[in-house]
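Sequential numbering from -8 applies to the sequence shown in the numbering used here.
Please read the structure below before turning to the comments.
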Amino acid sequence: MALCDSSAFQLCMANAAMFLDEFHHPTTFQYEKSHEALTYYGQGARQVTRRLADPDECASEGLITCVLGFICHDLYVGTLDRWAYHIHGLKRMVQIRDGFKDLNENLQLFASWFDLVGSAIKDTAPRLQDYSYFQVPSRERVQKSALLAQMIEELGQGSDESGELVLALDEVATVCQFVNLYFRRAGFWRQENDLSSLQVLGPATYLLLSMSRFESTNPSCFLFVHEMMRVALLILLAGLKQAYELAAPEMDLFQSKLYALVTTGTLQEGNFYLLPRLQIWALVTASLFQVSEHQINTYAKEIHKRIPACGFHDGASVLKHSGNILWIERLADTTVLEGLAFNIDQAQSSLV
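The following block contains the structure:
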């Protein structure tokens, strides 16, 4: 980046100064007190401001590269207000260019990815609109399980509100299939200069962040489950990001949102067999990632409440059924699953 744009060089110096400061002061480092890093950052920002006033340069590829560098820097240090400001500026630059056309493919990919990363942290809709070039590598026809295909078909015959969830399940099924097919290949998770992880995660993340959220204090049964599934699917993708060794700071937010839905809302039974099964899948999926013992126990009790409506016998049958809906083998820790099954059975026996 530093070699392709003069202003980007200042930003790279800011990054270097920040990393060096972090290295020398690993326990006491504070970004807002990293004087050298902030000085270089300010110099780069002033250069960019001047260049944006030039109609011949305000949407140049070099300047877009530099703005992407600022956005990446903002995400790393967690200055999300600054990220939002720069993303808005990037959107204007792309509009001036009449879209992403003629822009380097990697710049297109990173622009959209940085938009998704910040949007996920804030759980807001992405700012940029053109995600048509995001493609899962070696994308093949999705072979859905018979259970998932049946559920999608029944959802498609339901209310108009179910369309978003059908699309999301389809897209996440593509991600699950790709990862399950190839994750055992050498270098799948840590291949240098391989951007396939962004291409795998991008389309599904964009869809889920673009979905409507329910705002009513007393949502319908379907809208409640719709939000549970949206959040649980984002938890699944955050877990996949972590497996790719990408930062996923949004995990805590989505775990908190799901827990709040469970504890402050009403997990309604619903009028047809899909809803309790989707609720169970959401709770099982959330239980796989960074949850406290208290949360696990809460989820186990809520799962148990759904068992009669679904005809399951015990925790093991619950997990088997959930695994037949959407599952990523690499993320299914055996110890966690055994603990969850035990807690479900304990909840069942305590009510006998």
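By construction, the Cβ of each residue, glycine as well, lies at the ideal position given by its N, Cα and C atoms.
Computed from a predicted model, the values in this text were never measured in an experiment.
Determine the DSSP secondary structure at C49, reduced to helix, strand or coil.
coil
R181 by DSSP, collapsed to three states: which one?
DSSP, read as helix, strand or coil, puts R181 in coil.
Kindly give me the distance between the Cβ atoms of G80 and A(-1), rounded to whole angstroms, as I take these residues to be in contact under 8 Å.
Wrong, their Cβ atoms sit about 15 Å apart, outside the cutoff.
In the DSSP assignment, find the unbroken alpha helix (DSSP H) run with W272 in it and report its ends.
L265 to S278
If I measure Cβ to Cβ from D243 and keep anything under 8 Å in the same chain, skipping five residues before and after, which residues do I get?
Q281
Return the CA-CA distance between D235 and L189, expressed in angstroms with no decimal places.
Reading the sequence as shown, one finds Tyr at residue 235 and not Asp. About 10 Å.
Exposure label - N95; buried when at least 16 CB within 10 Å:
exposed
Please state if the CB of I143 and the CB of V163 are separated by a distance shorter than 7 Å.
no
Cβ-based neighbour list, S110, same chain, cut-off 6 Å, excluding 5 preceding and 5 following
P117 and L200
At what residues does the alpha helix (DSSP H) containing F174 begin and finish?
Where F174 is concerned, there is no enclosing alpha helix (DSSP H), given that its DSSP letter is neither H nor E.
Nearest by alpha-carbon distance to C57: which of G69, P46, V68 and M84 is it?
M84
Member of F105, S283 and Y290 whose CA lies at the smallest distance from the CA of A239
F105
In its own chain, which residues sit with a C-beta less than 7 Å from the C-beta of C(-5), not counting the 5 before and 5 after it?
Answer for C(-5): G53 and T56, listed in chain order.
Taking only the alpha-carbon atoms, compute the straight-line gap between S211 and T70 and give it to the nearest angstrom.
37 Å
When you compare only the Cα positions, how much space is there between K135 and P46?
50 Å
Would you tell me roughly how many angstroms separate the C-alpha atoms of A300 and H16, rounded to the nearest one?
56 Å
Straight-line gap, E155 to M202 (C-alpha atoms, nearest Å):
6 Å
Helix, strand or coil at R118 according to DSSP, with G and I counted as helix:
Per DSSP, reduced to three states, the secondary structure at R118 is coil, with no helix or strand assignment.
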